[in-house]
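Undergrad: If you use this note's numbering, the sequence shown corresponds to residues 10 to 598, in order.
Handing you this structure, nothing more for now.
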Amino acid sequence: MFWKSVVFKLWFTIILLVAFILMIVTVLLLEFFENFYVNEAEENLLNQAGNVATVLHEHDDETLQMETIDQLMDPSTQLTIFFNEHRYWQNEATSEENGAIDPSWFISNEKINQVLNEREEVKKITTFEGSDTELVVVGTPTLDGEGAVYVYQSLDVVQETTTHATKLILITATIAIILTTVFAFFLSNRITAPLIKMRKAASELSRGEFHTKVPVLTYDEIGELANSFNRMRRQLNFHITALNQEKSQLSSILKSMADGVVTVNRKNEIMLINPPAEQFLERFAFENEQDSLDLPKEIQEDFDKVLRNEQEILKEVTTQGRVFVLVMTPLYNESVIRGVVTIIRDMTEERQLDKLRKDFLANVSHELRTPISMMQGYSEAIVDDVAETKEEKQELAQIIYEESLRMGRLVNDLLDLARMEAGHIHLNREKVPLKPFIDRISKKFTSIASEQQVDLKTDFQAPHEFIHFDPDRLEQVMTNLIDNALRHTPSDGTVSVIVEGDKDDLVVHVHDNGSGISEEDLPFIFERFYKSDKARTRNSEKKGTGLGLSITKHIIEAHGGNIYAKSKVDEGTTFTFSLPLYNDQIQEG
């Protein structure tokens, strides 16, 4: 609103100041003019009275005296002459305001009759007899000392002069106020126009627009203020840009972190959070049926402990089958704690790796303990001559030999798997005829399939005649898959080897209609030493080491392919692997 603006306030202040000064000056001038004109009137009347007294003294002829006095007197004044207390003379009144005063009034008035009694001059402002008209009365004694001359005049003449002077003063004051208003608006606009521009620029700054520049029109304080504002704008732009860059960089760092980060204030309100931390809160909220936007009560209690004790807290939380470690640390603002920062680390894989390491040692110990125990037992039987005949000793020696071979296979598989996992697998790629290669491997298992009464079939549908791969490694893959299929397929079952392909990939399926693999075991079949004995009936005569599928997966991946399995319990299992045909960029070794 206009009356709230600086222009109005400045104008109103100047107008009040000027009006106050003019009012005081007007009152003082009017007082001065009124006193001045009264004094002038008194002096003028006193001079006229003195002139009349002189005429009376110099001329003896009364007629001549009166004529001369009439010529000397001002028409606005009245004259009363006392030759003595009993003889007087008055001129004719020129107006009602200047009507003749009864001579007795001069004698009866104590302050006026001092002229007659004490021979002193008198100056008196009084009221006209019978009216409210004010008069100026002066009196002076005659030169002969016997009489007195009284001259009086209405103050209306003086008041008219004062009124005229007042009008002039008021007109002058009005003109001064108008000029002051114009000057005030001009000055206000000169002062406030740059301020208005700076206000608009400040509003744009508050909206984040830092490119608005205030023009410098003058070189006074306002100009310096405009320069300072422009410098402030540049500094703000620089610092805001730097802060935004740091904020963006910090946001990118937080988003790219694998660990979750949550920062809360003293009211347990989230101030900063990254995606891994949001996922953790969503998991925790889903499991505990809470709002994912709120901090869990259990964690809030830990935050309160951190704020209260000013100490770091390490806590492990398990939710949705995953293990998280929370490191809660006080967040300081100089020396005052303003919140808590929490690092959330997913330790599930580390825990699984630690478990796998322990399971690996246990499995290796278990797998080695059985053949060692058997070798020890049968060798003791030979040493102690428990086996009496040569045939019995030879049978025990044969068992010891087979167990040593089994232990050797286990050690070799472990060494191969260790090299593969370390990335030291070496492929000797050759141009291999595909169909003869598949047929040769199938014939290796023909006799075993016949003994187990399992129908082993080969279906070759691939359009490729030759492909490049490591024949020894791929034979190891096919042997593991077909051997597994035969060992887990009952009598009268079927094992099928299906070879397909297109212009880019070779796809091989090894299918059986055996016992199948349960759904909970299927994701783990390629792990070391994993045996789903609960779902698959293992051949008691041919036990595996639990490393074959893990080695198979590493060989296929070294060729640039992938392998997976599909299975249903009591319906069978299908292992499928694919190899790229024209991938010359596969690293060998």
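Just so you know, even glycine gets a beta-carbon here, dropped at the ideal spot from N, CA and C.
Going by DSSP, what residues sit across from Glu439 in a beta bridge?
TA: Walking along the sequence shown from the start, residue 439 turns up at place 430. Glu439 pairs with Phe478.
Undergrad: Since I believe Thr151 is in contact with Gly59 (beta carbons under 8 Å), could you give me their beta-carbon distance rounded to a whole number of angstroms?
TA: Along the sequence shown, read from residue 1 onward, the residue named residue 59 stands at position 50. Along the sequence shown, read from residue 1 onward, the residue named residue 151 stands at position 142. Contact doesn't hold; Cβ gap of about 10 Å is too wide.
Undergrad: The alpha helix (DSSP H) spanning Val315 covers which residue range?
TA: The count along the sequence shown starts at 1 and reaches residue 315 at position 306. 306 to 318 is the extent of the alpha helix (DSSP H) around Val315.
Undergrad: Taking the continuous alpha helix (DSSP H) assigned at Met75, which residues delimit it?
TA: Reading the sequence shown from its first residue, position 66 is the one you call residue 75. 71 to 81 is the extent of the alpha helix (DSSP H) around Met75.
Undergrad: In whole angstroms, what separates the C-alpha of Lys452 from that of Asp530?
TA: Taking the first residue of the sequence shown as position 1, residue 452 is located at position 443. Taking the first residue of the sequence shown as position 1, residue 530 is located at position 521. Whole-angstrom Cα-Cα distance: 31 Å.
Undergrad: Per DSSP, what kind of secondary structure is Ser527 in: helix, strand or coil?
TA: The count along the sequence shown starts at 1 and reaches residue 527 at position 518. Reduced to three states, the DSSP call for Ser527 is coil.
Undergrad: Helix, strand or coil for Leu25, going by three-state DSSP, please let me know.
TA: Here residue 25 is taken as the residue at index 16 of the sequence shown, counted from 1. Helix, per DSSP.
Undergrad: State the Cα-Cα distance for the pair Ser549 and Val334, rounded to the nearest angstrom.
TA: Counting from one through the sequence shown, the residue named residue 549 turns up at place 540. Counting from one through the sequence shown, the residue named residue 334 turns up at place 325. With a pLDDT of only 41 at Ser549, under 50, the local geometry of the prediction cannot be trusted, and the value read off the model is given with reservation. Distance between the alpha carbons of Ser549 and Val334: 44 Å.
Undergrad: So, with DSSP's three-state summary, where would you put Ile434?
TA: In the sequence shown, the residue the question calls residue 434 occupies position 425. Reduced to three states, the DSSP call for Ile434 is coil.
Undergrad: Just curious, the beta strand (DSSP E) that Met337 is in, first and last residue?
TA: Translated into the one-based positions of the sequence shown, residue 337 becomes position 328. Where Met337 is concerned, the enclosing beta strand (DSSP E) stretches over 331 to 342.
Undergrad: Assuming Lys264 and Asn239 are in contact, meaning their beta carbons sit under 8 Å apart, how far apart are those beta carbons, in whole angstroms?
TA: Residue numbering aside, residue 264 sits at position 255 when the sequence shown is read from its first letter. Residue numbering aside, residue 239 sits at position 230 when the sequence shown is read from its first letter. About 37 Å; that fails the 8 Å criterion.
Undergrad: In this structure, does DSSP put Gln596 in helix, strand or coil?
TA: Counted from its first residue, the sequence shown places residue 596 at position 587. Confidence in Gln596 is poor, its pLDDT being 39 and thus under 50, which makes the residue's placement too unreliable to answer from.
Undergrad: My output table needs one value for Val361: the three-state DSSP class, helix, strand or coil.
TA: Position 352 of the sequence shown holds residue 361. For clarity, residue 361 is Gln in the given sequence; the question names Val instead. Gln361 falls in the helix class under three-state DSSP.
Undergrad: Assuming Val160 and Thr86 are in contact, meaning their beta carbons sit under 8 Å apart, how far apart are those beta carbons, in whole angstroms?
TA: Translated into the one-based positions of the sequence shown, residue 160 becomes position 151. Translated into the one-based positions of the sequence shown, residue 86 becomes position 77. At roughly 6 Å, the Cβ-Cβ gap stays under 8 Å, so Val160 and Thr86 are in contact.
Undergrad: What residues in its chain sit with their C-beta under 7 Å from that of Ile249, if we drop five residues either side in the sequence?
TA: The sequence position of residue 249 within the sequence shown is 240, counting from 1. So the qualifying residues of the chain are Phe219.
Undergrad: Between the beta-carbon of Gly217 and the beta-carbon of Ile353, is there less than 9 Å?
TA: For the purposes of this step, residue 217 is taken as residue 208 along the sequence shown, with counting starting at 1. For the purposes of this step, residue 353 is taken as residue 344 along the sequence shown, with counting starting at 1. In this structure, Ile353 does not lie closer than 9 Å to Gly217 by Cβ.
Undergrad: What's the gap between the Cα of Ser382 and the Cα of Ala390?
TA: Residue mapping note: residue 382 aligns to position 373 of the sequence shown, counting from 1. Residue mapping note: residue 390 aligns to position 381 of the sequence shown, counting from 1. Taking the straight line joining both Cα atoms gives about 12 Å.
Undergrad: Quick check on Arg216: does DSSP put it in helix, strand or coil?
TA: By 1-based counting over the sequence shown, the position of residue 216 is 207. In the structure shown, Arg216 sits in coil (DSSP, three-state: anything other than H, G, I, E or B).
Undergrad: In angstroms with no decimal places, state the Cα-to-Cα distance between Asp593 and Asp479.
TA: One-based indexing of the sequence shown puts residue 593 at position 584. One-based indexing of the sequence shown puts residue 479 at position 470. At Asp593 the pLDDT is 43, less than 50, meaning the model places this residue with poor confidence and gives no usable figure here.
Undergrad: Here's a check: name, in chain order, each residue in its chain whose Cβ is nearer than 8 Å to the Cβ of Ala458, leaving out the five neighbours to either side.
TA: Locating residue 458 in the sequence shown gives position 449, where the first residue counts as 1. Closer than 8 Å at the Cβ level, and outside the excluded window around Ala458, lie Asp464, Leu465, Leu495, Val504.
Undergrad: First and last residue of the beta strand (DSSP E) that includes Leu259?
TA: One-based indexing of the sequence shown puts residue 259 at position 250. Taken as a continuous stretch (DSSP letters only), Leu259 belongs to no beta strand (DSSP E), being part of the alpha helix (DSSP H) at 230 to 265.
Undergrad: Could you check the C-alpha separation between Ile491 and Val519 for me, to the nearest Å?
TA: In the sequence shown, the residue the question calls residue 491 occupies position 482. In the sequence shown, the residue the question calls residue 519 occupies position 510. Looking at the two C-alpha atoms, the distance is approximately 7 Å.
Undergrad: Could you give the uninterrupted runs of the beta strand (DSSP E) lying entirely in the region 147 to 197, keeping only those of 3 residues or more?
TA: 157 to 163
Undergrad: Report yes if the C-beta distance between Asp83 and Gln99 is below 9 Å; otherwise report no.
TA: One-based indexing of the sequence shown puts residue 83 at position 74. One-based indexing of the sequence shown puts residue 99 at position 90. Taking 9 Å as the Cβ cut-off, Asp83 and Gln99 do not qualify as a contacting pair.
Undergrad: Buried or exposed: Phe195, going by 16 or more other Cβ atoms within 10 Å of its Cβ?
TA: Position 186 of the sequence shown, counted from the first residue, corresponds to residue 195. The residue in question, Phe195, is exposed, as its Cβ has fewer than 16 Cβ neighbours within 10 Å.
Undergrad: Considering Cα atoms alone, identify which of Pro203, Asn437, Thr170 is closest to Asp230.
TA: Within the sequence shown, the letter at position 221 stands for residue 230. According to the sequence provided, residue 230 is Glu. The question's Asp does not apply to it. It is Pro203 whose Cα lies nearest to the Cα of Glu230.
Undergrad: Please report the distance separating the alpha-carbon of Ala294 from that of Glu359.
TA: Indexing the sequence shown from 1 puts residue 294 at position 285. Indexing the sequence shown from 1 puts residue 359 at position 350. Each residue's alpha carbon lies about 24 Å from the other.
Undergrad: Using alpha carbons as the reference points, say which of Ser527, Asn489, Glu411 lies closest to Ile565.
TA: As a working note, residue 565 is residue 556 in the sequence shown. Of the listed residues, the one whose Cα sits closest to Ile565 is Asn489.
Undergrad: Residues in its own chain within less than 7 Å of Val326 by CB, not counting five upstream and five downstream?
TA: Walking along the sequence shown from the start, residue 326 turns up at place 317. Within the same chain, Val326 has close Cβ partners Phe333, Leu335.
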